[in-house]
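Residue numbers (the numbering used here): 15 to 171.
Beta carbons: idealized from backbone N, C-alpha and C, even for Gly.
One structure is given here, and the rest of the page talks about it.
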């Protein structure tokens with residue numbers, strides 16, 4: 015199964031993988047060695063914590079390597095979807111109830127960050143927007159109930 019990622023999102027995952035392999039892995043090995051030097055491992059909380067951290071780091075490395083090996087990296091700047099909302103697109107919206115404007119970029123699950131206005135392609139808002147064009151009105155099933163948005167502009171940046 016391909017994992018869609020924007021070019022930026024793929025770089026973030028590669029950076030995290032590099033950090034885990036070059037720094038975190040070494041730190042965990044050092045922590046295990048330090049804990050072992052304290053003797054009896056059966057009641058050594060430092061050793062148990064270091065082993066748990068090692069399991070987490072190795073699991074995350076495997077997860078990132080898997081995601082990156084199956085990633086379909088998309089550079090939004092190279093898209094030509096003729097104004098249609100697609101993965102990677104940046105969409106300017108207006109809430110028809112209150113006139114508030116908001117901008118979202120549709121990104122992969124691992125990249126989603128609402129503070130940066132990046133919404134997962136699997137989110138209700140992204141699912142409502144995909145395939146639509148500027149001036150279309152979409153209804154989104156929000157936690158507070160249905161909301162209507164007008165698509166003001168679709169950009170590929």
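- Fewer than three pairs of CB atoms, one per stretch, sit closer than 8 angstroms, so the segment 50-61 makes no contact with the segment 97-115.
- The closest CA to that of residue 75, considering only 165, 23 and 32, is found on 32.
- 142 is the residue among 157, 142 and 158 whose C-alpha sits nearest the C-alpha of residue 164.
- Residue pairing by DSSP places residue 99 opposite no residue, since no beta bridge is assigned to it.
- Comparing C-alpha distances from residue 103 to each of 121, 87 and 86 shows the shortest one belongs to 121.
- In this structure, DSSP gives residue 118 an extended state, which the three-state scheme calls strand.
- Three or more Cβ pairs drawn from the segment 84-98 and the segment 132-147 lie within less than 8 angstroms of each other, which places the two stretches in contact.
- Taking a contact to require three or more Cβ pairs closer than 8 angstroms, the segment 78-91 and the segment 63-70 do not qualify as touching.
- When C-alpha distances from residue 166 are compared across 156, 54 and 151, the shortest belongs to 151.
- Bridge pairing for residue 28: absent [DSSP].
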